[in-house]
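Letter by letter, the sequence shown follows residues 1 to 171 in this note's numbering.
Glycine included, every Cβ here is placed at the ideal spot set by N, Cα and C.
Predicted model, so just to flag it, every value in this text is computed and none were measured.
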Amino acid sequence: MRYLATLILVCLTFAVSAVEPFSKVSLKPYRSAQAVSGEWSTASSHLVVLGSLEKVNRELEPEKSEIFYGRRYQETYYLPEARRTGQVFDHYRSQLESLGEILFECDGRACGSSSYWANKIFEEAILYGPEQFQKYAIASRSDGGGYVAVYVGERATRKIYVHQLHFLTED
Numbered sequence: 001m002r003y004l005a006t007l008i009l010v011c012l013t014f015a016v017s018a019v020e021p022f023s024k025v026s027l028k029p030y031r032s033a034q035a036v037s038g039e040w041s042t043a044s045s046h047l048v049v050l051g052s053l054e055k056v057n058r059e060l061e062p063e064k065s066e067i068f069y070g071r072r073y074q075e076t077y078y079l080p081e082a083r084r085t086g087q088v089f090d091h092y093r094s095q096l097e098s099l100g101e102i103l104f105e106c107d108g109r110a111c112g113s114s115s116y117w118a119n120k121i122f123e124e125a126i127l128y129g130p131e132q133f134q135k136y137a138i139a140s141r142s143d144g145g146g147y148v149a150v151y152v153g154e155r156a157t158r159k160i161y162v163h164q165l166h167f168l169t170e171d
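Written out as C-alpha cells, the structure reads:
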C-alpha cells in the first residue's frame with residue numbers, strides 16, 4: 001500500500017511539472033492541427049537559432065545563435081486542412097508578437113537548407129521539404145522566461161507541418 005501511495009505521488013508530481021510550462025507559453029494550434037510528436041529534452045543546454053543558415057568551412061551553421069541553459073520542449077503538428085504556409089505562419093507569428101519581441105524571422109530560401117533545419121536543428125525529418133515553402137521565427141518572451149520559436153514547412157507531398165520550440169528558464 002505504501003508503495004502504491006508513493007508511486008501515485010511521483011506520477012502526480014511528474015504530471016504537474018510537465019504541464020506547468022504550457023500554462024506560461026501555450027500557442028493556440030492552427031485549426032485541425034494533429035499532434036505528430038512532442039518531447040522534453042533531457043539536455044541542460046540547447047542551441048537557439050537567431051539567424052539564417054550559412055556555409056562556414058563547407059559546413060552549414062546558423063549565422064547567429066546562442067546556447068540557452070534551461071528546459072526545452074518541442075512539438076510537431078500536421079495540418080491536414082492547411083493549404084498555404086503563409087496563412088499558417090501568420091497565425092503563429094501574431095502569437096509570437098503577443099508573447100514578446102521577434103528577434104529573427106526568415107522566409108523561403110533566405111532561411112537556408114530545409115534539410116539542415118529538419119535533420120540537424122530540429123531532428124524531425126518529416127519537416128524536410130522544398131526551401132521556398134519554409135518559414136521560421138523566434139521571439140524572446142517579454143517576461144524574461146526564455147524563447148518561443150515556430151517553423152512552418154511544406155513537404156513535396158504538399159503536406160504542411162508546424163514545429164514549435166519552447167525554451168524555458170528554470171524557475
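Suppose you measure from the CA of residue i to the CA of residue j; what does that come to, to the nearest Å?
{"i": "G86", "j": "F133", "result": "9 Å"}
{"i": "E170", "j": "W40", "result": "14 Å"}
{"i": "P62", "j": "G108", "result": "15 Å"}
{"i": "Y69", "j": "N119", "result": "22 Å"}
{"i": "V162", "j": "G100", "result": "20 Å"}
{"i": "I172", "j": "Q74", "result": "This structure cannot speak to residue 172, because the chain is shown only from 1 to 171."}
On the three-state DSSP scale, how would you describe residue i?
{"i": "T85", "result": "helix"}
{"i": "L127", "result": "helix"}
{"i": "F122", "result": "coil"}
{"i": "S140", "result": "strand"}
{"i": "A35", "result": "strand"}
With DSSP as the reference, identify every bridge partner of residue i, one or two as the case may be.
{"i": "H163", "result": "T76, Y151"}
Would you mind sorting residue i into buried or exposed? The rule is 16 or more other CB atoms within 10 Å of its CB.
{"i": "Q34", "result": "exposed"}
{"i": "E54", "result": "exposed"}
{"i": "S32", "result": "exposed"}
{"i": "S140", "result": "buried"}
Hey, residue i and residue j are a contact pair by Cβ (cut 8 Å); roughly how many whole angstroms apart?
{"i": "L96", "j": "V88", "result": "Their Cβ separation, rounded to whole angstroms, is 13 Å, which puts L96 and V88 out of contact at 8 Å."}
{"i": "R71", "j": "L168", "result": "5 Å"}
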